[in-house]
Amino acid sequence: MNLLECLVGLAISLALVAPLIKNSGEFIAKQIQYEKSQSLTAEADRALELIGRAIRMAGYQNTHASTTSARKNTSSIDYLQIQKNNGYRGSDSLMVKQEISQGVDFDCIGNTLSKERTKNNLAQQGFLVDRQASAPKGVKVNGGSLICQSLDRQGRIQNTTLMNGIHHLSFESLPANASKAFRVRLEMTDGVSIHQKFERTFTTRNLL
């Protein structure tokens, strides 16, 4: 076999293999994008579940607890507060308050709610979106960070990052018959090509 035959054979081989390599590359790219999309969906589901749980428990009062004297001004307590357009990309923030139940309840980072983790006999949980603290200035990031605000064992507010990839978060109060309802909209992004929107409606159990 001479050099010309080798070159011809190599050219034919490349012509046959090139489409396979291209298809494989496109398949891998689509697979990576699909996995990113699934990961963002899972993160959104987790975030909405935590937010929904907090909304449902807002305003809970433990009728068995000996805090009657502390409840004399409960009518003035705002158990559920929404701050509009005060976070990353104009995101809203949420703060809820509740008393400790007889059972086992958890805050937004998984700590068991206890007497130590209260302020004026009320546990607090908050959600807000902030710029990624670990990202250097000027560097393109995949959205902001969802922050959980909770109380430590000394009753002080602590901020914990739950996840990144948050493009926007909003809360909207809806008309309801027996209790308050809120529409939560969450937008997730990978900072490149994926932008997903999620929406859930949650109803309070303890607020009218």
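With the first letter of the sequence shown counted as 1, position 51 gets the number 1480 in my numbering; the numbers rise by one all the way through.
The beta carbon of each residue, even a glycine, is placed where N, CA and C say it ideally should be.
Treat the numbers as computed from the prediction; the structure is a model and nothing was measured.
Between Ser1579 and Gln1561, the C-beta gap is not smaller than 8 Å, which leaves the two residues out of contact.
In the DSSP secondary-structure assignment, Glu1616 is bridged to His1597 and Lys1626. Pairwise C-beta distances place the stretch 1595-1604 out of contact with the stretch 1463-1471, as fewer than three of them are shorter than 8 Å. With 16 or more other CB atoms across the displayed protein chains lying within 10 angstroms of its CB, Tyr1517 is buried.
Phe1627 sits close to Leu1615, with the two beta carbons spaced by under 8 Å.
The C-beta distance from Ala1476 to Leu1591 rounds to 7 Å, short enough to meet the 8 Å contact threshold. When secondary structure is reduced to three states using DSSP, Asp1581 falls in the coil class, being assigned neither helix nor strand.
The continuous beta strand (DSSP E) containing Val1525 extends over residues Ser1522 to Gln1527. Burial is judged here by how many other beta carbons sit within 10 angstroms of a residue's own beta carbon; Thr1541 has fewer than 16 and is exposed. Nearest in C-alpha terms to Glu1528, of all of Ile1506, Ile1480 and Tyr1463, is Ile1506. One Cα belongs to Glu1464, the other to Met1617, and the distance between them is close to 14 Å.
Distance from the CA of Ser1608 to the CA of Val1621, rounded to the nearest whole angstrom, comes to 40 Å. Per DSSP, the beta-bridge partners of Met1592 are Leu1575. DSSP places Asp1534 in the coil class of the three-state scheme, outside both helix and strand. At a Cβ-Cβ threshold of 8 Å, Thr1632 and Ala1487 do not count as neighbours. As computed with DSSP, Asp1474 is found in no beta bridge at all.
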